[in-house]
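Worksheet: one structure, shown below.
Protein chains in written order, with this note's numbering: chain A, 1153 to 1409; chain B, 1153 to 1409.
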């Protein structure tokens, strides 16, 4: 059994309920969004129009819960450590198993995640502050609007990693290869330019230390899909809990040019 | 009026009914597929699963005929020089105006085209034989199956450009940047490896000269979508006529990394 499959098995058996950063290193982790088929075209189109925050890695067949392309045999109803259930855009509960919510009209979308390029940053000798400080990555809502569809719209949500000036060009080079995992940064420098007032108060995740010689660098973030769901208020939506990702069988390198 | 808009205007006025290679140089040209909304999710998913032959550039809103993202103000019912109408997978007619076929449930998909990277090849001093010989590019059906969806499947269709050995690496480099216009080649060398028996008998387009020192190089081709339509037999499908493309307002460079 591959390293990735063994982690999914632990989730399925109810033995793993922790955030997944650092687990199954080198395997691609993914955001999950589950929606009724009636919204599937619009949501896929929203992702297609906004590939930096929402790079699609796999879409399950209608009613099917197997990720045939990125993890054959996996079951998205049980193989993530933790889920959020939304009714009409409102969070109803968090749970470790969504079999009782499953319906024959549901479609699962698996979306790339920045963990893939963070491994590459570490391998290139670049700082990844929230990993150094054992925190969740800080995420912020920006004043940049995604390209909408008729039913889905969202402000772009970004993650932030502070870097010294002499590491920034290399960080652009290293991460831009990972175009299916958010790719290159969307902004470097002044947070106010993109509508962020206080880096010390992230909208999601944890604040991290920014040293005197460091500049904040911002990447598009998959949490954008959750904001889109809060706005669209579908009768049912299921997502992973932030940080509790789906671990696929893909290798990080498969998300690069 | 931009160069691209003026060509679309000529089409709309019924004054342009020629293939579009070489027209509005530097502007992105696109394949068109129009399908009923009932098939839109499946077709978008087929394209998403097969981005090399089917790189999506724009998708119109249901019932709308304006390409809001890549050519605001354009009308896909009139602004291409020539169209094909398919009923249940069978070619019914070719026409220069599809307004009488339009319905409120139709969705238009605009898909990248190799003309974008051919300009880049020429700029890099590489041979593009069918342009030298003033022919249509030769296209072949391969034995490579695209990743299917429940309703759409297709063998990969490829275009072929012969190159001397010392130009092949450069051709890979130059074209791979154009990831929204089929990108890097899918095969270099022996045609039989991908199921092509006779380069002198292309399935679409024209045969071109292959010189003694030249090796055939194969790129994924947007005609793959037409094969998928022939197989799926939707009650209605409309496409451009091969070579009679949609001219967008995008610059070729916008399709690169």
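For each residue, glycine too, the CB sits at the ideal point set by N, CA and C.
If you're wondering where the values come from, they're calculated on a predicted model, not measured in any experiment.
Beta-carbon spacing of residue i, residue j below 8 Å
i: residue 1215 of chain B; j: residue 1257 of chain B; result: yes
i: residue 1311 of chain B; j: residue 1254 of chain B; result: no
i: residue 1273 of chain B; j: residue 1323 of chain B; result: yes
i: residue 1271 of chain B; j: residue 1178 of chain B; result: yes
i: residue 1210 of chain B; j: residue 1217 of chain B; result: no
i: residue 1329 of chain A; j: residue 1408 of chain A; result: yes
i: residue 1321 of chain A; j: residue 1261 of chain A; result: no
i: residue 1265 of chain B; j: residue 1377 of chain B; result: no
i: residue 1375 of chain A; j: residue 1281 of chain A; result: no
i: residue 1296 of chain A; j: residue 1346 of chain A; result: yes
i: residue 1348 of chain B; j: residue 1156 of chain B; result: no
i: residue 1393 of chain A; j: residue 1235 of chain A; result: yes
i: residue 1397 of chain A; j: residue 1232 of chain A; result: yes
i: residue 1237 of chain B; j: residue 1245 of chain B; result: yes
i: residue 1380 of chain B; j: residue 1267 of chain B; result: no
i: residue 1338 of chain B; j: residue 1204 of chain B; result: yes
i: residue 1362 of chain A; j: residue 1341 of chain A; result: no
i: residue 1319 of chain A; j: residue 1351 of chain A; result: no
i: residue 1229 of chain A; j: residue 1250 of chain A; result: yes
i: residue 1353 of chain A; j: residue 1240 of chain A; result: no
Within-8 Å CB hit, residue i to chain B
i: residue 1208 of chain A; result: yes
i: residue 1192 of chain A; result: yes
i: residue 1321 of chain A; result: no
i: residue 1309 of chain A; result: no
i: residue 1369 of chain A; result: no
i: residue 1213 of chain A; result: yes
Integer Cβ distance of residue i from residue j, believed to fall under 8 Å
i: residue 1401 of chain A; j: residue 1223 of chain A; result: 5 Å
i: residue 1212 of chain B; j: residue 1259 of chain B; result: 6 Å
i: residue 1383 of chain A; j: residue 1301 of chain A; result: About 12 Å separates the two Cβ atoms, so there is no contact after all.
i: residue 1298 of chain B; j: residue 1334 of chain B; result: The pair is not a contact, with the Cβ atoms about 13 Å apart (cut-off 8 Å).
i: residue 1172 of chain B; j: residue 1395 of chain B; result: 7 Å
i: residue 1308 of chain B; j: residue 1327 of chain B; result: Not really, about 16 Å apart at Cβ, beyond 8 Å.
i: residue 1196 of chain B; j: residue 1196 of chain A; result: 5 Å
Residue-chain proximity (residue i, chain A), Cβ-Cβ < 8 Å
i: residue 1153 of chain B; result: Any reading at residue 1153 of chain B must be qualified, since the residue scores a pLDDT of 49, below 50, and its modelled position is unreliable; the value itself is stated next. It does not: the Cβ of residue 1153 of chain B has no partner Cβ on chain A nearer than 8 Å.
i: residue 1409 of chain B; result: yes
i: residue 1326 of chain B; result: no
i: residue 1302 of chain B; result: yes
i: residue 1217 of chain B; result: no
i: residue 1180 of chain B; result: no
i: residue 1402 of chain B; result: no
i: residue 1196 of chain B; result: yes
i: residue 1405 of chain B; result: no
i: residue 1200 of chain B; result: yes
Chain D within 8 Å of residue i, Cβ atoms only
i: residue 1187 of chain A; result: As a matter of chain content, chain D is missing from the structure shown, whose protein chains are A and B.
Closer than 7 Å: residue i CB and nearest the ligand GTP heavy atom
i: residue 1257 of chain B; result: What this structure holds is no ligand at all, so the ligand GTP is not there to describe.
Practice task
Say whether the region 1183–1198 of chain B touches the region 1384–1396 of chain B, bearing in mind that this needs 3 or more beta-carbon pairs closer than 8 Å, one atom from each stretch.
Solution key: Judged by pairs of C-beta atoms under 8 Å, the region 1183–1198 of chain B touches the region 1384–1396 of chain B, as three or more such pairs exist.
Exercise for the section: Check whether the region 1163–1177 of chain B touches the region 1159–1170 of chain A, taking contact to mean three or more Cβ pairs, one atom from each stretch, closer than 8 Å. Expected result: No: fewer than three Cβ pairs fall under 8 Å.
Problem - Inside the region 1317–1353 of chain A only - alpha helix (DSSP H) runs reaching at least 4 residues - result: For the region 1317–1353 of chain A, the full-length alpha helix (DSSP H) segments reaching 4 residues or more read 1317–1328 along the chain.
Practice task
Go through the region 1173–1224 of chain B residue by residue and report every complete run of the alpha helix (DSSP H) that reaches 4 residues or more, in order.
Solution key: Taking 4 residues as the minimum length, the alpha helix (DSSP H) runs contained wholly in the region 1173–1224 of chain B are 1192–1201, in order along the chain.
Practice task
Please go through the region 1359–1388 of chain A and give each complete alpha helix (DSSP H) segment of 4 or more residues, from N-terminal end onward.
Solution key: Segments of the alpha helix (DSSP H) lying fully in the region 1359–1388 of chain A: 1376–1384.
Exercise for the section: Note down, one range per segment and in chain order, each alpha helix (DSSP H) of at least 4 residues found wholly within the region 1266–1292 of chain A. Expected result: With a minimum length of 4 residues, the unbroken runs of alpha helix (DSSP H) contained wholly in the region 1266–1292 of chain A fall at 1267–1275, 1281–1284.
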